[in-house]
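The opening residue of the sequence shown carries number 81 in our numbering; numbering runs sequentially from there. Note that CB positions come from ideal geometry on N, CA and C, so glycine has one too. Take a look at the structure set out below.
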Amino acid sequence: MSLWVYGFSECMKRARGFSTRSVDAGELKGIKGSVNTPIFQTSTFFYPTEDESTWNGAVPKGTYLYSRQGNPTIEAAENKIAALEGAERALVFSSGMAATSTLALSLLNSGDKMVSMEDIYGGSYNLFKNDLSRLGISTKFVSSVHTDDIVAALSPDVKLLWLESPTNPLLKIVDIPEICKAAKEMGVLVAVDSTFASPINQNPIELGADLVMHSCTKYLNGHSDLLAGTVAGSNELMAEISKRRTTMGGVIDPFGAFLLLRGMKTLAVRMRQHNANAMMIATYLQGHEKVQKVNYPGLPSHPQHELARKIMRGFGGMVSFDVKGGVQGAERFMRSLELINRASSLGGVESLASMPLNTSHTAFTPEDRLKLGITDSMIRLSVGIEDAEDLIDDLERSLGQI
Ligand SMILES: Cc1ncc(COP(=O)(O)O)c(C=O)c1O
81 MSLWVYGFSE
91 CMKRARGFST
101 RSVDAGELKG
111 IKGSVNTPIF
121 QTSTFFYPTE
131 DESTWNGAVP
141 KGTYLYSRQG
151 NPTIEAAENK
161 IAALEGAERA
171 LVFSSGMAAT
181 STLALSLLNS
191 GDKMVSMEDI
201 YGGSYNLFKN
211 DLSRLGISTK
221 FVSSVHTDDI
231 VAALSPDVKL
241 LWLESPTNPL
251 LKIVDIPEIC
261 KAAKEMGVLV
271 AVDSTFASPI
281 NQNPIELGAD
291 LVMHSCTKYL
301 NGHSDLLAGT
311 VAGSNELMAE
321 ISKRRTTMGG
331 VIDPFGAFLL
341 LRGMKTLAVR
351 MRQHNANAMM
361 IATYLQGHEK
371 VQKVNYPGLP
381 SHPQHELARK
391 IMRGFGGMVS
401 FDVKGGVQGA
411 ERFMRSLELI
421 NRASSLGGVE
431 SLASMPLNTS
441 HTAFTPEDRL
451 KLGITDSMIR
461 LSVGIEDAED
471 LIDDLERSLG
481 QI
């Protein structure tokens, strides 16, 4: 791709900025004069040959045969993500879970061992604990995010390490560079679920990881109207994952890829507003008499604030906090919200509030939730891109109802 470089003199070559990459990278321009990437809404393509009797079935680069294997609109979305993550190649899937399961089933065989943080998205936890185990793939879960504890669980016979940072809903930060350094010495592949950060705030591959995964349902698409997922990494690893995506079939459809492309054009500008709004709201909440504790990596009071400053360019749009008054207080707060929507998921332009107690962490016992630090009065906010003052008015009124 010549997408990376401005046409100045050689000495002025540099990677294009994130706003430019969000808008421009990957787009298939000029087809019938179109400024936008067309939607190739087709399941199949004409054979890439004039001579069927001698054709061996190979599909040369830039040609297509069947959309489960490849499609120009899907590839455009993949090329934009690769440019945003600084990866050689990205693949897009029908959901984040399709991305994670295809990654795992591509790289792991029966008898293999993996290590994962315990504090990860519930669907990934279920996949590793209950489904990969059925296939003879064992996962050791580490109940801490600290580098020493994670590295201590690794050994040369571990095939894959799964990290997630920032974590849900406590916004803990994992020292990706230090852990990757240790993993590399032992020959362990590292994959990072970077959904909460988005490529604007964090690039795990640049930090030493082999693969980065996102639920594109969240920030990458950004409009709460699509399910999608992605994995990005080296050509070599992605070739394996691509083969399995074709076999297992979890590819996105062309219209979904178009929605994702359209959403990603505003990714950098959206993330700037998410970052700024979340910082204002976390600061406001921290000083509120009805609030017990605020978790946001941008706050100097966050125990890993310095690490977040080191590895992230922005602190993201997710904030969690404990209200006073226990679970009843939290319920009264939730019922009083007018502008902020009571819904799970995250990363859209509209603000959402949920309680981990009855959404992301229902599978955990109350004791296990408390062990992780998740109280029954915890609220998780996905801060949108509305005016921060209006969001704060809604929070102020609702906290007043506790
Ligand atoms: C951090 C994280 N990873 C992965 C997923 C799974 O993504 P999807 O819902 O697109 O399958 C989610 C979904 O909430 C998530 O929050």
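For this session: Check whether the Cβ of M532 sits closer than 7 Å to any heavy atom of ligand 1, and report yes or no.
Result: With the chain covering 81 to 482 only, the question about residue 532 has no answer from this structure.
Exercise. What is the DSSP secondary structure of R169, counted as helix, strand or coil?
Worked result: By 1-based counting over the sequence shown, the position of residue 169 is 89. Strand at R169.
Problem set entry | Euclidean distance between Cα positions of M344 and F98 | Within the sequence shown, the letter at position 264 stands for residue 344. Within the sequence shown, the letter at position 18 stands for residue 98. Distance between the alpha carbons of M344 and F98 is about 11 Å.
Exercise. At which residues does the beta strand (DSSP E) containing I459 begin and terminate?
Worked result: Position 379 of the sequence shown, counted from the first residue, corresponds to residue 459. M458 to S462 is the span of the beta strand (DSSP E), which, as asked, contains I459.
For this session: Spell out a yes or no on whether the segment 197 to 207 and the segment 231 to 251 are touching, meaning 3 or more CB-CB pairs, one atom from each, closer than 8 Å.
Result: yes
Exercise. Can you find a heavy atom of ligand 2 that lies under 7 Å from the Cβ of D333?
Worked result: In terms of ligand content, the structure shown lacks ligand 2 and carries ligand 1 instead.
Exercise. Cβ atoms of I482 and G405: under 8 Å apart, would you say?
Worked result: Locating residue 405 in the sequence shown gives position 325, where the first residue counts as 1. Locating residue 482 in the sequence shown gives position 402, where the first residue counts as 1. Yes, they are a contact pair.
For this session: Using three-state DSSP, classify M81 as helix, strand or coil.
Result: Here the question's residue 81 lines up with position 1 in the sequence shown. With a pLDDT of only 36 at M81, under the threshold of 50, the placement of this residue in the model should not be trusted; the figure read from the coordinates follows. M81 falls in the coil class under three-state DSSP.
Exercise. What is the rounded straight-line gap between the Cα of T346 and the Cα of E168?
Worked result: If you number the sequence shown from 1, residue 346 lands on position 266. If you number the sequence shown from 1, residue 168 lands on position 88. Cα to Cα, T346 sits roughly 22 Å from E168.
Exercise. Thinking C-beta only, is T326 closer than 8 Å to A179?
Worked result: Taking the sequence shown and counting its residues from 1, one reaches residue 179 at position 99. Taking the sequence shown and counting its residues from 1, one reaches residue 326 at position 246. Going by C-beta atoms, A179 is not nearer than 8 Å to T326.
Problem set entry | Per-residue burial, Y127 [other beta carbons within 10 Å of its own, 16 or more giving buried] | As a working note, residue 127 is residue 47 in the sequence shown. Classification for Y127: exposed.
Exercise. Can you tell which of S462, M351, I465 and Q408 has its C-alpha closest to the C-alpha of S102?
Worked result: Along the sequence shown, read from residue 1 onward, the residue named residue 102 stands at position 22. Measuring from the Cα of S102, the nearest candidate turns out to be M351.
Exercise. When we look at the beta-carbon of E418 and count the other beta-carbons within 10 Å, is it buried (16 or more) or exposed?
Worked result: Sequence index remark: in the sequence shown, residue 418 carries index 338 (1-based). E418 comes out exposed.
Exercise. Hey, is D211 close to ligand 1, as in C-beta under 7 Å from one of its heavy atoms?
Worked result: Locating residue 211 in the sequence shown gives position 131, counting from the first residue. No; taking the cut-off as 7 Å, the Cβ of D211 has no heavy atom of ligand 1 nearer than that.
Exercise. Given a threshold of 16 other Cβ atoms within 10 Å of its Cβ, counted over all protein chains shown, does N301 qualify as buried or as exposed?
Worked result: As a first step, residue 301 is located in the sequence shown; it is residue number 221 there, counting from the start. Buried, by the Cβ-count rule.
Exercise. Distance, Cα to Cα, S462 vs I161?
Worked result: Counting from one through the sequence shown, the residue named residue 462 turns up at place 382. Counting from one through the sequence shown, the residue named residue 161 turns up at place 81. One C-alpha to the other measures close to 22 Å.
For this session: Return the CA-CA distance between E258 and S123, expressed in angstroms with no decimal places.
Result: For the purposes of this step, residue 258 is taken as the residue at position 178 of the sequence shown. For the purposes of this step, residue 123 is taken as the residue at position 43 of the sequence shown. Those two C-alpha atoms are separated by around 44 Å.
Exercise. Is it right to say V238 is buried, meaning 16 or more other beta carbons lie within 10 angstroms of its own, or is it exposed?
Worked result: The residue labelled residue 238 in the question sits at position 158 within the sequence shown. V238 is buried by the Cβ-count criterion.
Problem set entry | Distance CB(T297)-CB(S181) smaller than 8 Å | Position 217 of the sequence shown holds residue 297. Position 101 of the sequence shown holds residue 181. The answer is no: Cβ separation not under 8 Å.
Problem set entry | Contact belief for G378 with L250 at Cβ below 8 Å, rounded distance in angstroms | The count along the sequence shown starts at 1 and reaches residue 378 at position 298. The count along the sequence shown starts at 1 and reaches residue 250 at position 170. Not quite, the Cβ-Cβ distance comes to about 14 Å (not below 8 Å), so this is no contact.
Problem set entry | Contacts around A358, its chain only, beta-carbon distance under 6 Å, and the 5 residues preceding and following it disregarded | Numbered from its first residue, the sequence shown carries residue 358 at position 278. Cβ within range, chain order: G397, V399 and V463.
Exercise. Going by the C-beta, is M435 closer than 7 Å to any heavy atom of ligand 1?
Worked result: Counted from its first residue, the sequence shown places residue 435 at position 355. Checking the Cβ of M435 against ligand 1 gives no.
For this session: Return the chain-ordered ranges of every beta strand (DSSP E) run that is complete within the segment 363 to 412 and spans a minimum of 3 residues.
Result: 371 to 375 and 398 to 403
Exercise. Considering E476, what are the terminal residues of the alpha helix (DSSP H) in which it resides?
Worked result: Stepping through the sequence shown from its first residue, residue 476 is reached at position 396. E476 -> alpha helix (DSSP H) spans A468 to L479.
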